[in-house]
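Chemist: The structure follows.
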Amino acid sequence: MTNVRVRFAPSPTGPLHIGGVRTALFNYLFAKKYNGTFVLRIEDTDQNRYVANAEQYINDSLDWLGIPADETVNKNEKFGPYRQSERKDIYKKNIQELLDSGNAYYAFDTAEDLDKERKGHEENGKTFIYNWHNREKGRLINSLVLTTDEVQKRIKNGEKYVIRFKSPQDEILVMNDIIRGEIKIDTNILDDKILFKSDGMPTYHLANIVDDHLMEISHVIRGEEWLPSMALHILLYRSFGWKAPEFAHLPLILKPTGKGKLSKRDGDKLGFPVFPLAYTNEATEETSRGYKEDGYFPETVLNFLAFLGWNPGTEQEIFSLNELIKSFDLDRVNKSGARFDPDKTKWYQQQYLQQKSDEELAEMFTPVIANEMKQSASDNVITSSFTPRNGEYVQKVVGLIKERATFVSDFWELSAFFFIAPTEYDAKAVKKKWKEKTGKLMNQLVAVISTIDNFSSSNIEKIVKEWITTNELGFGKVMPPFRLALVGAMSGPDLFKIAEMIGKEETISRMEKAITSL
RNA sequence: GGUCCCUUCGUCUAACGGUUAGGACAUAUGGUUUUCAUCCAUAAAAUAGGAGUUCGAUUCUCCUAGGGACUACCA
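Per my numbering, residue 12 is the first one in the first sequence, and the count goes up by one each step.
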């Protein structure tokens, strides 16, 4: 494929929805696969819905995911400007071309007039379509029924007008979509869409076509919600005499349960993010959670997003960005909508967490520890001089607990006992495992442990086990209370490894504390 | 209502017109871990329905049903 240029063209009306992120990703993957260019264009033609920090949010999101645009605002501005609000003159010139060639016309109908027209049709069981059915019947006021002089007079008088596309009559338009194949549309059902609004701004349809052409976009990869307007777009290219790009309409991302496409509400209800980054609405000060802040890695998000509507055709499920670029292609994208599955995204996250090195994870975990320790210190929890938390120690801890975690934020709960002695003991476990004679037994164990010089887990294990066996004490009587003393609960990694980690002195101190308090 | 798109286990999906319809998530049951989690194994689980084309249909065609999108001077 030669000279691939694709674009992601969001509207800066708020945070980028996960469906939009997937569209961006597929565009990015397609571009990179064919050594093409990924363009980010800001479609801010609707002044009413513009949100100031949204554009920054879009850039931050793509940066976090590692799929930045090659060309955009302030970056390789070969075909700039990349904000549609800064391209008004271009659209004006182009709409004039359409007006001159007779493919577009002025319309002076007010919103109220059209509303009335729609209602009237509805009452008669008909659908109102603003096109050849009625545009020249005289009920509608436009430059097709008005004389040139009248039109000029109305415009001069400052009367509001829009410019509409003159859609063709009696034609079966045959189009091709890379994902869906041939699609046929009867042009008689198309209405004459507004191309230019009365506020002097183009609508999406006009701006989009003009920009895609001027920016030399080769493939338009966008959501399925645009499929119904594909005919209009093809017709516009034809009216301009331009070659249309190829189109690929991506399947929608659906709600995990119930009907319809995934929305912010679903995330709130079911407890998962719908946005890549957390976002605060400046007006309402309402904050929406983001994948980043919830502890997901960018590669996790990339991977599960890629598998929503696409698959490699093999049984491999874990893909790095480079592997995705290599394997991705539009011909393996599905036609049908994909239900979003928060469980599977967690599974991906767990996989990526396991892949990370102890070193890398320790680095992420260290600030958390510092924070928790400070908290504990202020709560007067730390009473002993036990504060083992150098880098190597943290790495070892991470190595022992990471397999039971999905997020770095799970680490503290899984490993607090490596840093501070238990402050309380799991009541149920105490009741079940700490019997009358247990204190005595633990005292004996303390004596045994005191004699151990080489305090490695394997050596402690050997000696403790020998002691249990030769005295016929039973593992079930010794090990559970031993764990209770060191951990405070019946959970955690291998007990002898824990003992080695916290050291002989701390082990004994925790046991004595348990004996006196239980 | 109208137009268009879609339809394989609960979910995401695989299967040049010929497979015991495969995998993953979730679920269940065992095993490992003298704890908990992980991990491992096993099980249950699908071609929406009906015609047609064909020696043979998950795959091609049509109809029905269901789902979805669009139907703004929003994108």
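In this text, a Cβ means the ideal position worked out from N, Cα and C, and glycines have one as well.
Tell me the DSSP bridge mates of Gly234?
Modeler: Leu261
Chemist: Does the beta-carbon of Ser72 have 16 or more other beta-carbons within 10 angstroms, so that it is buried, or is it exposed?
Modeler: buried
Chemist: Assuming Phe431 and Pro504 make a contact with CB atoms under 8 Å, what is their CB distance in whole Å?
Modeler: Residue 431 is actually Ile in this sequence, not Phe. With a Cβ gap of about 17 Å, Ile431 and Pro504 do not count as contacting.
Chemist: In this structure, how does DSSP classify Asp421 when only helix, strand and coil are distinguished?
Modeler: helix
Chemist: Beta carbon of Lys444, beta carbon of Leu495: below 8 Å?
Modeler: In contact: Lys444 and Leu495 (Cβ atoms closer than 8 Å).
Chemist: Does Asn59 pass the burial test, meaning 16 or more other C-beta atoms within 10 Å, or should it be called exposed?
Modeler: With fewer than 16 other CB atoms across the displayed protein chains lying within 10 angstroms of its CB, Asn59 is exposed.
Chemist: Counting Cβ pairs closer than 8 Å, one from the region 48-57 and one from the region 92-109, do we hit at least three?
Modeler: yes
Chemist: With a CB to CB cut of under 8 Å and the five nearest residues on each side skipped, what residues in its chain are close to Asn46?
Modeler: Contacts found: Val15.
Chemist: By the three-class DSSP mapping on this structure, what secondary structure does Thr394 have?
Modeler: Reliability of the predicted coordinates at Thr394 is poor, the pLDDT of 47 falling under 50, and the value obtained from them is presented with this limitation in mind. DSSP places Thr394 in coil when its eight states are reduced to three.
Chemist: DSSP puts Glu82 in a beta bridge; with which residues?
Modeler: Val50
Chemist: Please tell me whether Ile471 and Glu511 are closer than 8 Å, where the distance is taken between their beta carbons.
Modeler: yes
Chemist: Please confirm whether Lys524 and Ile463 have their CB atoms less than 8 Å apart.
Modeler: For Lys524 and Ile463, no; Cβs fall outside 8 Å.
Chemist: Residue ranges of each alpha helix (DSSP H) run of no fewer than 4 residues wholly in the region 467-498, ordered along the chain?
Modeler: 468-481 and 486-498
Chemist: Can you have a look at Pro26 and say buried or exposed, based on whether 16 or more other CB atoms are within 10 angstroms of its CB?
Modeler: With 16 or more Cβ atoms within 10 Å of its Cβ, Pro26 is classed as buried.
Chemist: On the DSSP letters alone, give me the boundaries of the beta strand (DSSP E) that Leu184 sits inside.
Modeler: Ile183 to Asp188
Chemist: In the DSSP assignment, the beta strand (DSSP E) including Ile196 goes from what residue to what residue?
Modeler: Counting along the chain, Ile196 sits inside the beta strand (DSSP E) bounded by residues Gly192 to Asp197.
Chemist: Measuring alpha carbon to alpha carbon, tell me which of Ile336, Ser387, Gly410 and Asp120 ends up nearest Glu371.
Modeler: Gly410
Chemist: Opposite Arg249 in the DSSP bridges: which residues?
Modeler: DSSP lists no partner for Arg249.
Chemist: Just the Cα atoms here: how many angstroms apart are Arg521 and Asn482?
Modeler: Going from the Cα of Arg521 to the Cα of Asn482 covers about 24 Å.
Chemist: Tell me, please, whether the region 342-352 touches the region 60-80 by the rule of three or more beta-carbon pairs shorter than 8 Å.
Modeler: no
Chemist: Look at the Cβ atom of Tyr117, then the Cβ atom of Ser154, and state whether they are nearer than 8 Å.
Modeler: For Tyr117 and Ser154, yes; Cβs fall inside 8 Å.
Chemist: Could you give the distance in angstroms between the alpha-carbon of Glu447 and the alpha-carbon of Glu383?
Modeler: Using only the alpha carbons, I get a separation of about 35 Å.
Chemist: Need the endpoints of the alpha helix (DSSP H) that Ile336 sits in, please.
Modeler: Leu332 to Ser338
Chemist: Once the 5 residues before and after Thr394 are set aside, which same chain residues still bring their CB inside 6 Å of it?
Modeler: Confidence at Thr394 is low in this model, with a pLDDT of 47, below 50, so the placement of that residue should be treated as unreliable; the coordinate-derived value is given next. Answer for Thr394: no residue qualifies.
Chemist: Reducing DSSP to helix, strand and coil, say where Phe207 ends up.
Modeler: Note: Phe207 maps to strand in three-state DSSP.
Chemist: Is Trp75 helix, strand or coil when you go by DSSP?
Modeler: helix
Chemist: Run the CB neighbour count on Arg233, radius 10 Å, all protein chains shown included, and call it buried at 16 or more, exposed below.
Modeler: buried
Chemist: Could you tell me if Leu497 is buried or exposed, where buried requires 16 or more neighbouring beta carbons within 10 angstroms of its beta carbon?
Modeler: buried
Chemist: Looking at C-alpha atoms only, which residue of Leu313, Met212 and Trp237 is the closest neighbour of Lys99?
Modeler: Taking only the C-alpha atoms, the option nearest Lys99 is Met212.
Chemist: Quickly, what does DSSP pair Val344 with across the bridge? List them, please.
Modeler: Trp321
Chemist: By DSSP, does Lys442 sit in helix, in strand, or in coil?
Modeler: In this structure, Lys442 counts as helix in the three-state DSSP scheme.
Chemist: Could you tell me which residues DSSP pairs with Gly301 in its beta bridges?
Modeler: Phe286
Chemist: Sorted by chain position, which residues of the same chain lie with C-beta nearer than 8 Å to Phe507's C-beta, five sequence neighbours on each side aside?
Modeler: Ser468, Ser469, Ile471, Glu472 and Val475
Chemist: So, using beta-carbon positions, are Ala115 and Arg175 closer together than 8 Å?
Modeler: yes
Chemist: Among the candidates Val162, Lys130, Ser178 and Pro179, whose CA atom is the shortest distance from the CA of Tyr172?
Modeler: Val162
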